[in-house]
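Colleague:
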Amino acid sequence: NEWLGVYERIIRCCKENGVAPNVVGNPMNMRHLVTTISSGLGISIAPRCIKFIADDSCVCRPINQIDIQLPLTAYFRKHNKNRIVDEFISHTITESTKIQTML
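Numbering (our numbering), first residue to last: 1079 to 1181.
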């Protein structure tokens, strides 16, 4: 699982810098993560895009010292016959580095 690799890299980076995270839960999705944080039940390291679903009680701060590529996956209908979808996928692949910086 690609996300497991990202998780392990974050934990390793924390430990290399003298931080021992106390992981007590793993939310099912980003909405649950935001609810946990806004309820005051924890903190998290998450993709930057979470700021778009976070409410005003959450603070999102970039961590520039960690350079981790997040797995990107394009989802589309099997047996696609739409030229626009093909162009979108091609463009996404071409711009993947730029997209990574937005996450």
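The beta-carbon is built from N, C-alpha and C at its ideal position, and this holds for glycine as well.
Taking the CB atoms as reference points, tell me whether VAL1084 and ILE1146 lie closer together than 7 Å.
Modeller: By 1-based counting over the sequence shown, the position of residue 1084 is 6. By 1-based counting over the sequence shown, the position of residue 1146 is 68. Going by C-beta atoms, VAL1084 is nearer than 7 Å to ILE1146.
Colleague: Any idea if VAL1112 is buried or exposed, counting beta-carbon neighbours within 10 angstroms, 16 or more meaning buried?
Modeller: Stepping through the sequence shown from its first residue, residue 1112 is reached at position 34. Its Cβ being crowded by 16 or more others within 10 Å, VAL1112 is buried.
Colleague: Could you check what DSSP says for GLN1147 in three-state terms: helix, strand or coil?
Modeller: One-based indexing of the sequence shown puts residue 1147 at position 69. GLN1147: coil per DSSP, three-state reduction.
Colleague: Leaving out five residues before and five after PHE1154 in sequence, what residues of the same chain have Cβ atoms less than 6 Å from its Cβ?
Modeller: As a position in the sequence shown, residue 1154 is number 76, starting the count at 1. Excluding positions up to five away in sequence, the list reads VAL1163.
Colleague: Could you please give the first and the last residue of the uninterrupted alpha helix (DSSP H) stretch that includes LEU1119?
Modeller: Position 41 of the sequence shown, counted from the start, is the residue given in the question as residue 1119. Where LEU1119 is concerned, there is no enclosing alpha helix (DSSP H), given that its DSSP letter is neither H nor E.
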